[in-house]
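Below is one structure, written out as structure tokens; the observations come after it.
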Amino acid sequence: MKPFGKKSLAMLLLSCMMLVASGCGSNGAATKEEPAAAAPEAPKTPAKQEEPVKVVWWHSMSGDVGKAAQQLVDEFNAEHKDIVVKAEYQGKYDESLNKLKASLGSDSGPTMIQVYEIGSRFMIDSKAITPVQQFIDAEKYDTSSLEPNILNYYTFDNKLYSMPFNTSNPILYYNKDAFKAAGLDPEKPPATYEEVAEAAKKLTKPGQAGGSFAIYGWFMEQLFANQGAELVDNGNGRTQPANTSLLNSDAGVKTLDWWKKMIDDKTMLNLGRKTDDTSKAFAAGQIAMTLDSTASLRSIVKSAEGKFEVGTGFLPKADAGVKGGVIVGGASNWILNNRPEAEQKAAWEFIKFLAEPKSQAEWHINTGYFPITQKAYDEQTVKENMTKYPQFQTAVDQLHQTTPSLATQGAVMGVFPEARQLTETAIEEVLNNKKSSTQALEDAAKAITSKIQEYNKTVSK
Amino acid sequence: MEKDISIATPLPREASRSTSAASLRTSRWKERSLAYFFLAPSLILFGIFLFYPLLKSIYLSLYLTDPQGRVASFVGLDNFKNVLTSEIFYNSLLITVKFILLTVPTGVAVALLLAAISIPKLKLTKLFQFFFSLPMAISVGTGSVIWMVLYHPTLSILNYGLSLLGISPIAWLTDPKWALPSIALMTVWLNLGFNYIVMLSGMQSVPEDLYESARMDGSGPFRTFFRITIPLISPSLFFISVVSMISAFQSFAQINILTKGGPMNSTDVLVYNIYQDAFINYRFGIGSAQALILFVLITLLTIVQFKFGERKVHYQ
Numbered sequence: 498m499k500p501f502g503k504k505s506l507a508m509l510l511l512s513c514m515m516l517v518a519s520g521c522g523s524n525g526a527a528t529k530e531e532p533a534a535a536a537p538e539a540p541k542t543p544a545k546q547e548e549p550v551k552v553v554w555w556h557s558m559s560g561d562v563g564k565a566a567q568q569l570v571d572e573f574n575a576e577h578k579d580i581v582v583k584a585e586y587q588g589k590y591d592e593s594l595n596k597l598k599a600s601l602g603s604d605s606g607p608t609m610i611q612v613y614e615i616g617s618r619f620m621i622d623s624k625a626i627t628p629v630q631q632f633i634d635a636e637k638y639d640t641s642s643l644e645p646n647i648l649n650y651y652t653f654d655n656k657l658y659s660m661p662f663n664t665s666n667p668i669l670y671y672n673k674d675a676f677k678a679a680g681l682d683p684e685k686p687p688a689t690y691e692e693v694a695e696a697a698k699k700l701t702k703p704g705q706a707g708g709s710f711a712i713y714g715w716f717m718e719q720l721f722a723n724q725g726a727e728l729v730d731n732g733n734g735r736t737q738p739a740n741t742s743l744l745n746s747d748a749g750v751k752t753l754d755w756w757k758k759m760i761d762d763k764t765m766l767n768l769g770r771k772t773d774d775t776s777k778a779f780a781a782g783q784i785a786m787t788l789d790s791t792a793s794l795r796s797i798v799k800s801a802e803g804k805f806e807v808g809t810g811f812l813p814k815a816d817a818g819v820k821g822g823v824i825v826g827g828a829s830n831w832i833l834n835n836r837p838e839a840e841q842k843a844a845w846e847f848i849k850f851l852a853e854p855k856s857q858a859e860w861h862i863n864t865g866y867f868p869i870t871q872k873a874y875d876e877q878t879v880k881e882n883m884t885k886y887p888q889f890q891t892a893v894d895q896l897h898q899t900t901p902s903l904a905t906q907g908a909v910m911g912v913f914p915e916a917r918q919l920t921e922t923a924i925e926e927v928l929n930n931k932k933s934s935t936q937a938l939e940d941a942a943k944a945i946t947s948k949i950q951e952y953n954k955t956v957s958k
Numbered sequence: 011m012e013k014d015i016s017i018a019t020p021l022p023r024e025a026s027r028s029t030s031a032a033s034l035r036t037s038r039w040k041e042r043s044l045a046y047f048f049l050a051p052s053l054i055l056f057g058i059f060l061f062y063p064l065l066k067s068i069y070l071s072l073y074l075t076d077p078q079g080r081v082a083s084f085v086g087l088d089n090f091k092n093v094l095t096s097e098i099f100y101n102s103l104l105i106t107v108k109f110i111l112l113t114v115p116t117g118v119a120v121a122l123l124l125a126a127i128s129i130p131k132l133k134l135t136k137l138f139q140f141f142f143s144l145p146m147a148i149s150v151g152t153g154s155v156i157w158m159v160l161y162h163p164t165l166s167i168l169n170y171g172l173s174l175l176g177i178s179p180i181a182w183l184t185d186p187k188w189a190l191p192s193i194a195l196m197t198v199w200l201n202l203g204f205n206y207i208v209m210l211s212g213m214q215s216v217p218e219d220l221y222e223s224a225r226m227d228g229s230g231p232f233r234t235f236f237r238i239t240i241p242l243i244s245p246s247l248f249f250i251s252v253v254s255m256i257s258a259f260q261s262f263a264q265i266n267i268l269t270k271g272g273p274m275n276s277t278d279v280l281v282y283n284i285y286q287d288a289f290i291n292y293r294f295g296i297g298s299a300q301a302l303i304l305f306v307l308i309t310l311l312t313i314v315q316f317k318f319g320e321r322k323v324h325y326q
């Protein structure tokens with residue numbers, strides 16, 4: 498083994514290193530060249546670029562809804578030869594927002610991201626985004642046909658920071674066949690807390706509970722708004738950054754007492770925090786009523802097909818006379834400002850495409866999210882769908898009947914995801930007999946308030 | 011100049027002496043660098059993934075971070091003060107201790123029992139040994155998803171089994187009383203494969219002649235087991251109890267997948283609490299402070315285990 502002495506081994510190592518080094522070098526040169534070559538061309542002839550602009554879109558749409566989103570992306574890519582949108586599922590809203598937080602300050606982030614409504618304050622405070630208002634002003638984009646209630650939610654200081662994409666609100670789903678069997682009118686869903694409690698009592702029999710609501714902070718927020726109650730101070734955080742949580746108000750206590758009473762009567766089940774689990778129980782006929790987002794409409798109706806008829810009603814109110822309505826839930830698309838301008842513009846093109854009546858009509862039919870533009874209702878496909886699935890009408894009516902106010906415009910705070918967790922823990926404490934409604938909500942409100950104040954301290958205005 | 015020359019003349023001889031010393035030095039140096047060369051991969055990995063993060067968390071524990079996790083202001087030991095005075099921390103600590111008590115003794119006992127009954131060479135011994143060590147091949151994530159289905163609030167197979175026995179369904183993960191035991195059960199199962207293999211190999215290494223002479227002396231199976239097997243496999247028992255204690259302290263994935271610390275924070279073990287503070291709410295300061303406290307706790311407990319537990323261990 499003389500020829501393979503120390504020297505030749507060293508040579509071999511050296512040549513390996515050189516190979517690696519040269520690889521690095523050429524890579525570096527290539528990446529350096531690219532923007533330099535693209536920069537002078539981009540402003541002049543963006544359409545004739547040989548390399549299409551790549552837009553990375555992080556979203557949180559999974560399952561059937563995810564497929565519908567991918568379909569929209571494919572249509573856009575087919576129409577636009579100069580732009581390639583790459584949709585990436587990044588987990589649920591929380592997870593995706595956390596990934597974004599981790600990527601801020603690096604190049605690994607997306608061009609645009611879908612963020613749930615309660616992440617809005619954080620996105621604005623992060624100063625990492627380009628408000629879509631800039632693009633709207635630059636080309637005088639007409640927003641008049643967009644749903645005013647939805648625009649209301651995403652408008653802060655008279656500026657639209659992000660473009661709404663998928664919006665939904667919670668509705669009451671009920672099993673019409675079970676209603677008939679229990680001697681209830683299947684065409685008249687219960688509308689108040691009292692009516693729900695009565696219906697639940699009548700619907701309960703061995704093997705079938707009256708209903709079940711997932712322990713989901715969003716429902717609590719919606720039930721607040723539905724009573725015209727604000728969740729945080731300073732005009733629900735709209736006139737000024739919020740300072741205190743109002744979770745322990747009458748609206749909260751009333752709601753939890755009602756919920757708890759039904760659990761105690763065993764007319765309502767506690768199936769945990771996941772709406773996935775309540776909707777499965779609903780489809781299996783184990784519960785006769787449930788609350789869920791309109792976005793689940795399509796899949797709930799599908800899963801009940803051949804078993805029973807699904808009815809939909811408005812989110813129940815505390816009393817018939819109470820004024821209020823639902824908050825626009827869902828998510829909007831944000832453009833990140835650390836991306837090249839051409840890429841941001843391309844993202845804006847995609848956002849405009851998503852807001853078109855045709856896209857929104859398709860999106861609405863395939864999912865149950867309602868269209869963000871009123872023009873979508875004129876599309877033939879939407880009209881046909883409404884006659885085929887009249888359940889879709891409920892969500893739309895509920896949205897249109899909502900009287901705009903600070904309560905229904907929705908609360909704004911930077912620590913919303915955390916507040917939601919604390920609210921959910923409070924609901925659990927009440928339903929499991931650990932604390933009274935007043936006590937649990939007071940403790941949660943206190944905890945949320947201290948988080949809000951801590952947040953306000955670390956965010957420079 | 012003169013000096014230089016005077017040194018220069020005797021150079022050949024001096025040089026020859028110094029070269030022999032130098033060659034010795036270089037060869038020692040070579041040997042040492044070779045040792046470090048072989049150690050380098052693990053040193054680099056330890057450095058990047060353990061020592062650097064450790065130093066960084068000490069640094070972070072003295073600061074407040076903004077919602078994006080960037081260092082915002084120096085607060086000294088405030089984070090530690092906050093942690094040590096917060097109710098949530100003690101609640102988490104209590105839950106962690108409960109979780110350890112639920113998983114470690116049962117995990118060791120079940121593995122011991124299974125190893126004991128599958129050691130005699132019978133017809134299907136090999137098959138049972140295979141079955142009992144199977145959980146080893148399942149990752150925490152996969153295992154959690156399997157148990158999520160088993161524990162499902164309405165479609166649970168376990169509840170179906172109970173209903174056949176006339177027992178009303180249990181809200182495994184949604185009832186705060188049951189959530190922690192449910193997760194503990196799942197964890198015991200998950201760690202069973204590893205524990206079982208270690209126990210089995212421990213038992214297989216007990217010399218056969220000891221059993222033979224015990225049999226000749228008229229010792230029954232129970233007596234043999236407690237008087238001969240247990241003392242002789244005490245190193246394995248000790249190893250398993252230390253390792254499962256540490257891993258119980260660090261259990262995270264199954265909790266993140268199955269309950270996310272809920273319901274009512276009843277499964278909010280220390281590590282999950284740290285994760286929540288650091289990576290969900292982006293308060294790296296308080297998260298790091300808690301992580302360091304956990305580090306100290308585990309170190310102390312391990313020292314205690316070695317001090318007192320090891321006395322009873324019999325190394326052959």
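Note that the protein sequences, when read in sequence, are chains U and E.
Be aware that the first sequence starts at 498, since it is given in the working numbering, and climbs by one per residue.
Be aware that the second sequence starts at 11, since it is given in the working numbering, and climbs by one per residue.
Every residue, glycine too, gets a C-beta built ideally from N, C-alpha and C.
Assumed close pair residue i, residue j - CB separation to whole angstroms, cut-off 8 Å
i, j, result
"L938 (chain U)", "V750 (chain U)", "6 Å"
Cutoff 8 Å: residue i Cβ touching any chain U Cβ
i, result
"F289 (chain E)", "yes"
"Y292 (chain E)", "yes"
"L65 (chain E)", "no"
"L183 (chain E)", "yes"
"M274 (chain E)", "yes"
"L74 (chain E)", "yes"
"P186 (chain E)", "yes"
Residues bridged to residue i [DSSP beta-bridge criterion]
i, result
"L111 (chain E)", "None, per the DSSP bridge assignment."
"G708 (chain U)", "U:M765"
"A828 (chain U)", "U:Y613, U:N663"
"Y586 (chain U)", "U:H556"
"M786 (chain U)", "U:Y671"
"K656 (chain U)", "U:F653"
"I626 (chain U)", "U:L833"
"G808 (chain U)", "U:Y671"
"T689 (chain U)", "U:K814"
"Y73 (chain E)", "E:F84"
Length of the line joining the Cα atoms of residue i and residue j
i, j, result
"A844 (chain U)", "H861 (chain U)", "21 Å"
"K589 (chain U)", "V693 (chain U)", "31 Å"
"T608 (chain U)", "I668 (chain U)", "33 Å"
"I98 (chain E)", "A785 (chain U)", "37 Å"
"E695 (chain U)", "F716 (chain U)", "20 Å"
"M158 (chain E)", "L268 (chain E)", "6 Å"
"W755 (chain U)", "P179 (chain E)", "25 Å"
"L143 (chain E)", "P854 (chain U)", "As written in the sequence, residue 143 (chain E) is Ser, which differs from the Leu given in the question. S143 (chain E) and P854 (chain U): Cα-Cα distance of roughly 58 Å."
"P77 (chain E)", "Y952 (chain U)", "7 Å"
"N266 (chain E)", "M146 (chain E)", "20 Å"
"I68 (chain E)", "V798 (chain U)", "54 Å"
"V306 (chain E)", "T772 (chain U)", "40 Å"
Chain E within 8 Å of residue i, Cβ atoms only
i, result
"T955 (chain U)", "yes"
"R770 (chain U)", "yes"
"S623 (chain U)", "yes"
"Q783 (chain U)", "yes"
"K943 (chain U)", "no"
"L788 (chain U)", "no"
Chain B within 8 Å of residue i, Cβ atoms only
i, result
"E915 (chain U)", "Of the protein chains in the structure, U and E, none is chain B."
- [ ] Please list the residues of the region 566-599 of chain U that have a C-beta atom closer than 8 Å to any C-beta atom in chain E, keeping them in chain order.
- [x] From the region 566-599 of chain U, only D591, N595, K598, A599 have a Cβ closer than 8 Å to chain E.
TODO: Give, in chain order, every residue of the region 154-166 of chain E whose Cβ lies closer than 8 Å to some Cβ of chain U.
DONE: Near chain U, meaning a CB-to-CB distance below 8 Å, the residues of the region 154-166 of chain E are H162, P163, T164, L165.
TODO: Anything in the region 76-102 of chain E with a Cβ closer than 7 Å to a Cβ of chain U? List those residues in chain order, please.
DONE: If the cut-off is 7 Å between Cβ atoms, the region 76-102 of chain E has D76, P77, Q78, G79, A82 near chain U.
Task: Near-chain U residues of the region 247-272 of chain E - C-beta to any C-beta below 7 Å - done: Along the region 247-272 of chain E, going in chain order, the ones with a CB nearer than 7 Å to a CB of chain U are G272.
- [ ] Could you please tell me which residues of the region 892-913 of chain U, in chain order, have their CB closer than 7 Å to any CB of chain E?
- [x] Residues of the region 892-913 of chain U with a C-beta less than 7 Å from any C-beta of chain E: G911, listed in chain order.
Open item on the list: Output needed in chain order: residues of the region 920-933 of chain U with a Cβ under 8 Å from some Cβ in chain E.
Closed with: If the cut-off is 8 Å between Cβ atoms, the region 920-933 of chain U has E921, T922, E925, E926, N929, K931 near chain E.
Open item on the list: Tell me which residues of the region 723-747 of chain U have at least one Cβ-Cβ distance to chain E shorter than 8 Å, keeping chain order.
Closed with: Residues of the region 723-747 of chain U with a C-beta atom less than 8 Å from some C-beta of chain E do not occur.
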